[in-house]
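Trainee:
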Amino acid sequence: MSDIRETFYVGHKSDGTLQKRPMSPHLQVYKPIPSMSLSILNRITGAALAFGSTLMVAWLASAAKGPKSFKTVQKVTGSFPGQVVLFGFSASFFLHFIRGIRHLMWDSTAKRLEKEEINKDSKIDIVGISALTLGLWTIIIGKRLSKKNK
Amino acid sequence: MRISSDHPTVLRSNLGRMRQLGAGHHVVEHWKAERITAIGSAPLSIWFIIQMLRLADADHKAVVQWAGKPVNTVLLLSLMIITFHHMQMGLQVITSDYSRGKSKSILDLIIKGGTFFLGLLSVISILKLALAPAKK
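Protein sequence lines correspond, in order, to chains Y and U.
Heads up: take any position in the first sequence, counting from 1, add 200, and you land on the numbering used here.
Heads up: take any position in the second sequence, counting from 1, add 121, and you land on the numbering used here.
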């Protein structure tokens with residue numbers, strides 16, 4: 201026994217033999233709803249942003265090292281896979297950003313915590329996250345297209 | 122309020138405390154620091170995204186010039202320090218949910234070491250970029 205909590209899982213059958221009792225149902229049992237999905241995604245994007253931040257460090261470190269390494273990093277971030285990663289990075293950031301603000305609002309006001317309100321606000325958040333992400337990439341692609349036309 | 126000496130003030134056995142069961146008594150500080158670093162990094166991150174949009178296709182010289190401006194240097198340093206502090210705490214919350222005992226301690230050390238190393242690397246890079254930029 202490695203965990204003290206496991207003592208609570210020990211039960212007896214009617215013939216007296218010991219049996220491990222079932223644990224409470226977990227994630228896969230429940231129907232996903234906006235608040236739940238965003239809560240899980242908030243954690244996943246948090247971890248993803250940790251990975252993304254290493255890209256920021258790589259960008260900074262290469263710039264500090266010199267023009268040559270900076271160009272290499274620019275080549276990687278400018279490539280198609282690099283752009284896909286950056287898109288994911290930005291989408292993760294906006295989700296974590298919007299949901300972070302939502303958490304700060306919950307913590308500071310203790311309002312909008314009813315089940316219906318939480319799900320309603322979560323839908324608003326999804327719209328906000330999508331708008332910010334798509335807005336950012338519209339600007340990026342727009343800038344690139346206008347440069348090409350010059 | 123006076124509590125007589127024979128009255129137990131802590132309802133936890135010494136064995137349990139030795140095994141590090143129960144609350145660690147710095148949960149509130151951790152919780153608070155997580156929120157405060159979130160408040161700090163939110164506007165800084167938005168600033169960084171806007172700067173990245175401006176510097177999208179900039180060459181090395183332009184980036185050096187940009188990072189060399191004192192306000193930019195300070196904002197960059199603040200962003201990276203606050204971000205890595207927030208990251209360390211956030212990752213620690215995840216490990217404490219999914220691991221326990223020895224593996225949790227080891228994971229937390231890896232997280233603390235990793236975030237410290239990367240944070241320090243970014244700080245040194247920013248300082249080098251701002252104060253003594255490489256020419257070649």
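We put the beta carbon where it would ideally sit given N, CA and C, even for glycine.
This one's a predicted model, so the numbers in the text were calculated from it and none came from an experiment.
1) Would you report the Cα separation of Gly252(Y) and Leu230(U), rounded to the nearest angstrom?
2) Please list, in chain order, the chain U residues whose beta carbon lies closer than 9 Å to that of Arg243(Y).
3) Under 7 Å between beta-carbons, which chain Y residues line up against Met208(U)? List them in chain order, please.
4) What are the boundary residues of the beta strand (DSSP E) that Gln213(U) is part of?
5) Check whether the segment 253-264 of chain Y touches the segment 299-319 of chain Y, counting contact only when three or more Cβ pairs, one atom from each stretch, lie closer than 8 Å.
6) Are the C-beta of Leu260(Y) and some C-beta of chain U separated by less than 7 Å?
7) For Gly342(Y), report the span of its beta strand (DSSP E) as first-last.
8) Nearest by alpha-carbon distance to Arg243(Y): which of Tyr219(U), Leu239(U) and Leu136(U) is it?
9) Considering only the alpha carbon of each residue, which of Gly222(U), Glu155(U) and Ser246(U) lies closest to Met139(U)?
10) Taking just the CA atoms, how far does Ser224(U) sit from Phe294(Y)?
11) Can you confirm whether Lys225(U), when its beta carbon is compared against all beta carbons of chain Y, has any partner nearer than 7 Å?
12) Can you name, in chain order, every residue of its own chain whose Cβ lies under 8 Å from the Cβ of Tyr230(Y), other than the five neighbours on each side?
13) Give me whichever residues DSSP pairs with His212(Y) in a beta bridge.
14) Which residue wins for smallest C-alpha separation from Phe297(Y), given the options Lys233(U), Pro254(U) and Ile170(U)?
15) In whole angstroms, what separates the C-alpha of Gln209(U) from that of Leu218(Y)?
16) Interface residues of chain U around Asp203(Y) at Cβ under 9 Å?
Mentor: To lay it out plainly:
1) 20 Å
2) Gly211, Val214, Ile215 and Asp218
3) Ala250 and Ser253
4) Here Gln213(U) belongs to no beta strand (DSSP E); instead the alpha helix (DSSP H) covers Pro191 to Tyr219.
5) no
6) yes
7) That residue, Gly342(Y), is in no beta strand (DSSP E); its alpha helix (DSSP H) goes Lys315 to Asn349.
8) Tyr219(U)
9) Gly222(U)
10) 32 Å
11) no
12) Met236
13) Leu218(Y)
14) Ile170(U)
15) 42 Å
16) Arg221 and Gly222
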